[in-house]
Amino acid sequence: MINIFQPSLGHEEIRALNKLFETNWVGKGKKTDEFIQAFSDKIGSESDHMLTLNSCSEGIFQVLEFMQFKIDDEIIIPSISFVASANATIDCGLVPIFCDVDKRTLNARASDIEKCITNRTKAVLLLNYGGYPVEYSEINLLLKKYDLKLIIDNACSPFSTYNGMNTGLWGDFGIWSFDAMKILVTGDGGMVYAKNTEHKRAIEMRSYLGQTTPSGYASKGSKIWWEFDIDHHGRRSITNDIASTIGLVQLKKIDTFLIKRKRVHEFYNNELAQFEEFELPSPVPANCETSYYFYWIRLPSQKHRDSLAKYLKKNDVYTTFRYYPLHLIKYYKNVRKLKNSEDAVKRVLCLPIHQALSKSDLAKIVDLIYSWKRNI
Ligand SMILES: *Cc1c(COP(=O)(O)O)cnc(C)c1O
């Protein structure tokens with residue numbers, strides 16, 4: 081089966097883990113500090129704004145909980161979002177309000193967001209679909225006008241930029257994912273950026289049961305090292321040095337990963353251009369860079385999309401649609417109709433894109449699309 085996503089992990093990661101195991105310390109420690117520093121350098125942030133967590137989903141929960149909005153306050157979320165966003169919102173007693181997306185990019189625009197603003201709206205929780213940056217300039221004007229907070233789920237766009245700055249750094253909080261299906265993979269893991277360093281420190285404490293004092297190992301100065309205090313209750317959401325060690329090696333490879341993904345993207349663009357009835361991804365504007373996380377096409381009808389997906393699957397090529405619109409999930413009790421999101425779920429298909437796709441894999445995928453086309 082040709083996977084749609086796949087990590088690139090190998091000997092370098094294993095060698096680094098061997099070294100780590102020899103130290104007899106695999107918990108959160110020095111390697112995690114190093115990873116935070118190296119990651120901050122890579123994305124153009126400062127390490128005192130950044131913390132690691134065990135996942136991006138947990139980051140969204142932690143951030144929303146920390147913000148302490150009032151019960152029934154509203155958070156605007158693009159309907160085409162990962163399910164963690166709506167779940168975290170509800171878990172905090174807040175109401176997710178789903179907005180529509182731009183047909184061309186599947187990103188929420190300022191105009192989509194504005195339609196959903198009420199006097200209960202407190203924040204907007206956005207993602208950069210497939211790596212393609214949202215229009216931050218327009219969106220920030222809107223946020224200012226209505227005095228709203230911005231939380232960015234940056235899982236799709238870890239290294240994307242808008243006007244030269246990483247897409248995760250444009251709001252009050254940004255959250256990255258390093259899970260098994262992402263570009264930089266540590267098994268599981270997440271990173272949070274907080275614009276305010278005090279917010280960063282508060283979330284850091286809450287991510288280790290609210291403890292204000294470090295463990296005995298780290299607090300060498302204290303006489304009675306088993307005493308501790310907490311300043312707010314919290315969960316245990318920290319990562320460990322196993323994940324961070326893998327992350328450090330992955331960071332060294334990340335530029336080649338991004339180049340390979342770009343090549344896959346361009347290969348599909350060239351090969352599929354001859355199918356006039358396929359809509360190909362919009363090119364990113366000159367002031368932006370993408371992370372090439374998804375490659376997606378839009379087919380003429382749901383019948384075509386479903387038929388192509390099934391044909392590819394039957395021939396060992398896995399494709400999918402991300403993300404099933406949240407406003408269609410009954411549990412969330414949405415009342416809106418969102419035209420572009422509903423069109424996307426019917427006609428969009430995400431094709432395989434990852435660093436390990438070979439020329440023959442790509443040729444196979446495109447050949448299958450040709451033969452499917454001949455037979456419909
Ligand atoms: C993968 C993903 C997440 C979840 O990340 P985890 O680290 O698995 O919790 C959140 N949002 C988006 C857009 C994602 O693609």
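Residue numbers (the numbering used here): 81 to 456. Heads up, the beta-carbon is just placed ideally off N, CA and C, and yes, glycines get one too.
In the DSSP assignment, S387 falls within the unbroken alpha helix (DSSP H) covering 382 to 394. Excluding its 5 nearest sequence neighbours in each direction, T201 has C-beta neighbours in its own chain below 8 Å: D153, E154, I155, I156, I177, Y226, L228, listed in chain order. Per the C-alpha coordinates, the member of I334, W250, Y375 positioned closest to S125 is W250.
The region 266 to 276 and the region 333 to 340 do not touch, with fewer than 3 CB-CB distances between them shorter than 8 Å. One Cα belongs to K393, the other to A260, and the distance between them is close to 21 Å. Of the residues assessed, Y375 falls on the buried side of the cut-off, its CB having 16 or more other CB atoms within 10 angstroms. Residue environment analysis places M81 among the exposed positions, since fewer than 16 neighbouring C-beta atoms fall within 10 angstroms of its C-beta.
Rounded to whole angstroms, T112 and P380 show a C-alpha spacing of 47 Å. For V329, the closest C-alpha among the options Y373, G173, L100 is that of L100.
In this structure, D423 has its beta carbon at no less than 6 Å from each heavy atom of ligand 1. One alpha carbon belongs to E356, the other to I456, and they sit about 15 Å apart. Rounded to the nearest angstrom, the gap between the Cα atoms of R385 and T400 is 10 Å.
One Cα belongs to S165, the other to Y412, and the distance between them is close to 12 Å.
Per the DSSP secondary-structure output, F253 pairs in a beta bridge with I231, A274. Per DSSP, C196 lies in no beta strand (DSSP E) segment and is marked neither H nor E. About 7 Å separates the Cβ atoms of L97 and I322, confirming a contact at the 8 Å cut-off. When I445, R416, A282, M147 are compared, the shortest CA-CA separation from D396 is found for I445. Excluding sequence positions up to five before and after Y348, its CB lies within less than 7 Å of the CB of Y375, L431, all in the same chain and listed in chain order. The region 232 to 242 makes no contact with the region 168 to 183, as fewer than three CB pairs between them are under 8 Å. P238 and I263 do touch by the CB rule: their CB atoms are close to 6 Å apart, below 8 Å.
Cβ neighbours of A424 within its own chain (closer than 8 Å, five residues either side excluded): I160, V181, K183, L186, R378, F401, P405. In terms of Cα proximity to Q148, the closest of A203, C179, T198 is A203. Within its own chain, the residues whose Cβ lies closer than 7 Å to the Cβ of Q117, once the five positions on either side in sequence are excluded, are S127, listed in chain order. When the five nearest sequence neighbours on each side are left out, the beta carbons in the same chain lying within less than 6 Å of the beta carbon of G254 are those of I232, N234, G248, Y273, in order along the chain. In this structure, DSSP gives C236 a state outside helix and strand, which the three-state scheme calls coil. Put simply, the backbone Cα of V344 is about 16 Å away from that of Y398.
For G210, the shortest C-beta to heavy atom distance toward ligand 1 is 6 Å or greater. Bounds of the alpha helix (DSSP H) holding C136 are 136 to 147. Each residue's CA atom was taken as its position, placing G211 and F85 some 14 Å apart. According to the DSSP secondary-structure assignment, T400 is paired through a beta bridge with C430.
Counting along the chain, R378 sits inside the beta strand (DSSP E) bounded by residues 375 to 378. Around P363, the same chain offers no residue with a beta carbon nearer than 6 Å, after the five sequence neighbours per side are excluded. For Q86, the three-state secondary structure derived from DSSP is coil. A distance below 7 Å separates the beta carbons of S287 and L133. Relative to ligand 1, S387 has its C-beta separated by 6 Å or more from all heavy atoms. For A168, the distance from the CB to the nearest heavy atom of ligand 1 is not below 6 Å.
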